[in-house]
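Structure record follows, encoded as structure tokens.
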Amino acid sequence: MKRFKWIFILMFLVAYYHAGAQFDPSKICRVEDGNMSFTLQKSWTHSQKLEVAHLFDLDTTLVLNIYNGKDEITAGGSTWKIIKVNSDVYKIIKPLVASSSPTNTGNVIILDDRWMNAYGVNKRESETFGVNRFTLFNVFSYRNGKATFYIPKRQEAKQIFLAGTFNNWSTRQTPMTKTDSGWIVTVKLSPGKYTYKFIVDGKWMEDPYNKLHENDHSSWKNSVVFCYNYRFFLKGFQNSKNVRVAGSFNGWNTKQLPMVRTSGGWVLYMFLREGTHSYKFIVDGEWIPDPVNKANRQDGRGNVNSYVAIGDTFYFRLKGHLETNRVIVAGNFNEWNDGEMLMRRTKTGWEMPYVLAPGNYEYKFILDGTWITDPDNPYTVISGGVTNSYLTIKPNHTFILDGYTFAKKVVVTGNFSGWSPENYQMIIRDNHWVLPIHLSPGKYTYKFIVDNKWIEDPDNNQWESNEYNTKNSVLWIEP
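Position in the sequence shown (from 1) plus 15 gives the number in my numbering.
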């Protein structure tokens, strides 16, 4: 029965993934004489090896290290036998075993004590802000870039591991240490949001002391933790009963973020994403700007807000137009507010310093009420029939299409833009079309549109079939 179970799983995989995909599951994964066998190629690129690892939920360390001459490798709690077929082709083999965890219908299948996510890689998603909700104060702490996870008691457990987005859900990479009062481990983490679980003697478990969790694209849930990077503090107001903070980061929600009374005032620690955030304190129902924060300005709607900026400063600049009385910059980073970001006049034009998180943005200048695109920025996007200037902060990929110098218009589109035929427009430089972009880690499919003709990337050998029986180019952005 176990053999038929594994054959069914493999049939599911073959049926699930496109037959025209570059990696054919039927040629990579097989059941042979009671063993599970994977055939891998040394000549694959690093990204291709990672795609296979994510596709079959193999331990990344295993896939990247099978070519080092060893006969066996232990990874993900399993020992694999390594067979060199020839100078390029290797096989990894292990006996079929029954799953120790309950199987799950839908898009997740249990292999041993790990899961296979048919949606692809687990992403560390960007959140604008976050506050932890633990029922015990000592089960998690974060100081100086080090996060400490603690599980009280559990003295009967033999082994406990910590797995999450910070270690690519490795089942063996982060063991916890047993103490006289529980289990503990410290890992180095940057500020941000992470999802995680504990593995107690081979069984996956949410953090029982953490109220924050989210679905993992299946019927299961992962615990969520935030590593803090900011402290809101309001000095005094000791006689106040209720103090909260609200801002652009939480949609000005008046009830979401209560502050904690201390001997010197009110405090709230939290994670804030890079960028510029406006905020105010709400003291017993009365809105007040931060009295010690000199960074405040009118929002164009009759209010004065305090501002906090995290990250590097970008300068919006407009040359000339010195005869103009008032210049404002607005974009999707401030909800196109046409009265908030008043630029200052310089000797050569206008300037506005502003902190933006890594990402892609649209913006325009407003000259005495007239909206214009940035004349010194060749990149544009079309949103709802309106042309805006396009800006990317800290790009981590550049789309390049060589040749086609005869083309009048080239657009790159994909699942990152909802397959819009208008966004994003590329520009031509040195006989090739380019567009820098910032993408979150994960898998992307895309195409170029050359004068309304859709083509795959001729310089990318990674592709997969689509519902139109054509090819989409595939791009992996690594963390």
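Each residue gets a CB set at the ideal place from its N, CA and C atoms; glycine is no exception. Being a predicted model, the structure only gives us computed values, none of them experimental.
Under a three-way DSSP split, which group does Gln188 fall into?
Working through the sequence shown from its first residue, we reach residue 188 at position 173. Here Gln188 sits in coil by DSSP.
Between Trp448, Glu350, Ile343, which has its C-alpha nearest Tyr419's C-alpha?
The residue labelled residue 419 in the question sits at position 404 within the sequence shown. Comparing Cα positions, the closest option is Trp448.
Residue of Asn347, Leu382, Asn375 minimising C-alpha distance to Arg332:
Here residue 332 refers to the residue found at position 317 when the sequence shown is read from its first residue. Comparing C-alpha distances from Arg332 to each of Asn347, Leu382, Asn375 shows the shortest one belongs to Leu382.
Could you spell out the range, first to last residue, of the beta strand (DSSP E) harbouring Ala261?
As a first step, residue 261 is located in the sequence shown; it is residue number 246 there, counting from the start. Segment 258-262, the beta strand (DSSP E) holding Ala261.
Taking 7 angstroms as the cut-off, decide whether the C-beta atoms of Ala172 and Arg288 are in contact.
Stepping through the sequence shown from its first residue, residue 172 is reached at position 157. Stepping through the sequence shown from its first residue, residue 288 is reached at position 273. It is not a contact, given that the beta carbons lie outside the stated cut-off.
Excluding the 5 residues preceding and the 5 following Arg359 in the sequence, name in chain order all residues of the same chain whose CB lies nearer than 8 angstroms to its CB.
For this step, residue 359 is matched to residue 344 along the sequence shown. Answer for Arg359: Trp365, Glu366, Met367, listed in chain order.
Nearest-angstrom Cα distance between Phe463 and Trp478?
As a working note, residue 463 is residue 448 in the sequence shown. As a working note, residue 478 is residue 463 in the sequence shown. Near 13 angstroms, if we compare the C-alpha coordinates of Trp478 and Phe463.
Option nearest Asn257 by Cα separation, candidates Thr395, Leu272, Ser102:
What you label residue 257 is simply residue 242 of the sequence shown in a count that begins at 1. It is Leu272 whose Cα lies nearest to the Cα of Asn257.
Starting from Ala324 and walking both ways along the beta strand (DSSP E), at which residues does that stretch end?
By one-based count along the sequence shown, residue 324 stands at place 309. First-last of the beta strand (DSSP E) with Ala324: 319-325.
Within the continuous beta strand (DSSP E) that includes Ser278, where are the two ends?
Numbered from its first residue, the sequence shown carries residue 278 at position 263. Per DSSP, Ser278 belongs to no beta strand (DSSP E) and is neither H nor E.
Secondary structure of Lys64, DSSP reduced to three states:
Start at 1 with the first residue of the sequence shown, and residue 64 comes out as number 49. It is helical.
Considering only C-alpha positions, which residue in the set Pro223, Glu350, Leu357 is nearest to Asn340?
Stepping through the sequence shown from its first residue, residue 340 is reached at position 325. Ranking Pro223, Glu350, Leu357 by Cα distance to Asn340 puts Leu357 first.
Can you check whether the CB of Glu377 is closer than 7 angstroms to the CB of Trp403?
Start at 1 with the first residue of the sequence shown, and residue 403 comes out as number 388. Start at 1 with the first residue of the sequence shown, and residue 377 comes out as number 362. The sequence shown places Asn at residue 403, not Trp. Contact: yes.
Would you mind giving the Cβ-Cβ distance between Tyr459 and Gly433, rounded to the nearest angstrom? I have them listed as a contact below 8 angstroms.
Position 444 of the sequence shown, counting from 1, holds the residue named residue 459. Position 418 of the sequence shown, counting from 1, holds the residue named residue 433. Not confirmed; about 12 angstroms, so no contact.
What residues in its chain sit with their C-beta under 7 angstroms from that of Leu177, if we drop five residues either side in the sequence?
Here residue 177 refers to the residue found at position 162 of the sequence shown. Counting only Cβ-Cβ distances below 7 angstroms, and skipping sequence neighbours, we find Phe164, Thr189, Met191, Val200, Tyr211, Phe213.
Contact under 7 angstroms by Cβ, Met441 with Leu450:
What you label residue 441 is simply residue 426 of the sequence shown in a count that begins at 1. What you label residue 450 is simply residue 435 of the sequence shown in a count that begins at 1. At the C-beta level, Met441 and Leu450 come within 7 angstroms of one another.
Arg359 - partner residues in DSSP beta bridges
As a position in the sequence shown, residue 359 is number 344, starting the count at 1. For Arg359, the beta-bridge partners assigned by DSSP are Glu366.
Taking 8 angstroms as the cut-off, does the region 139-156 touch the region 235-249 (at least 3 CB pairs, one atom from each stretch)?
yes
Note down, in chain order, each residue of its chain lying with its Cβ closer than 7 angstroms to the Cβ of Asp474, except the 5 sequence neighbours on either side.
On the sequence shown, residue 474 is found 459 positions in, with the first residue counted as 1. Excluding sequence neighbours, Asp474 sits near Asp417.
Within this structure, are the beta carbons of Val370 and Gly326 separated by less than 7 angstroms?
Along the sequence shown, one-based indexing puts residue 370 at 355. Along the sequence shown, one-based indexing puts residue 326 at 311. The answer is yes: Cβ separation under 7 angstroms.
Asn375 and Thr413 - do their beta-carbons sit closer together than 7 angstroms?
As a position in the sequence shown, residue 413 is number 398, starting the count at 1. As a position in the sequence shown, residue 375 is number 360, starting the count at 1. Cβ atoms of Thr413 and Asn375: not closer than 7 angstroms.
Measuring CB to CB, does Glu355 end up less than 7 angstroms from Asp305?
The residue given as residue 355 occupies position 340 in the sequence shown. The residue given as residue 305 occupies position 290 in the sequence shown. In this structure, Asp305 does not lie closer than 7 angstroms to Glu355 by Cβ.
Can you tell me whether Leu337 is buried or exposed, with buried defined as 16 or more other CB within 10 angstroms of its CB?
By 1-based counting over the sequence shown, the position of residue 337 is 322. Looking at its Cβ environment, which holds fewer than 16 other Cβ atoms inside 10 Å, Leu337 is exposed.
Please classify Val78: does DSSP put it in a helix, a strand, or coil?
By 1-based counting over the sequence shown, the position of residue 78 is 63. Of the three classes helix, strand and coil, the one that applies to Val78 here is helix, per DSSP.
Could you say which of Tyr157, Gly251, Lys168 lies nearest to Pro206 if we only look at CA atoms?
As a first step, residue 206 is located in the sequence shown; it is residue number 191 there, counting from the start. Selected option, being the one with the closest Cα: Tyr157.
Taking the Cβ atom as the reference point for each residue, do Ile81 and Ile107 lie within a distance shorter than 7 angstroms?
Here residue 81 corresponds to residue number 66 of the sequence shown, with the count starting at 1. Here residue 107 corresponds to residue number 92 of the sequence shown, with the count starting at 1. Going by C-beta atoms, Ile81 is nearer than 7 angstroms to Ile107.
Leaving out the 5 sequence neighbours to the left and right, which residues in its chain are closer than 7 angstroms to Val344 when beta-carbon positions are compared?
For the purposes of this step, residue 344 is identified with residue 329 of the sequence shown, where counting begins at 1. So the qualifying residues of the chain are Phe331, Met356, Met358, Met367, Tyr378, Phe380.
Cβ-Cβ separation, Gly179 to Tyr209 (assumed contact under 8 angstroms), whole Å:
For this step, residue 209 is matched to residue 194 along the sequence shown. For this step, residue 179 is matched to residue 164 along the sequence shown. Contact check for Tyr209 and Gly179: beta-carbon distance about 5 angstroms, within the 8 angstroms limit, so the pair qualifies.
For Ser488, which option in Lys423, Ile415, Arg312 has the closest C-alpha, if you only look at C-alpha atoms?
Residue 488 sits at position 473 when you count from the first residue of the sequence shown. Out of Lys423, Ile415, Arg312, Ile415 has the C-alpha closest to the C-alpha of Ser488.
Buried or exposed, going by whether 16 or more other CB atoms sit within 10 Å of the CB of Leu73?
Residue 73 sits at position 58 when you count from the first residue of the sequence shown. Counting Cβ neighbours within 10 Å, Leu73 comes out buried, since at least 16 surround it.
When DSSP labels each residue in this structure, what does Asn476 get in the three-state scheme?
Along the sequence shown, read from residue 1 onward, the residue named residue 476 stands at position 461. Reduced to three states, the DSSP call for Asn476 is coil.
Between Thr94, Lys295, Thr60, Ala261, which has its C-alpha nearest Asp103's C-alpha?
Translated into positions along the sequence shown, residue 103 becomes position 88. Among Thr94, Lys295, Thr60, Ala261, the Cα nearest to that of Asp103 is on Thr60.
Beta-carbon contacts of Asn347 that lie in its chain and below 7 angstroms, excluding the five residues immediately before and after:
Here residue 347 refers to the residue found at position 332 when the sequence shown is read from its first residue. Excluding positions up to five away in sequence, the list reads Tyr376, Glu377.
Ignore the nearest five residues each way along the sequence and tell me which others in Ser238's own chain have a CB closer than 6 angstroms to its CB.
One-based indexing of the sequence shown puts residue 238 at position 223. Counting only Cβ-Cβ distances below 6 angstroms, and skipping sequence neighbours, we find Tyr211, Glu221, Asp222, Asn225, His228.
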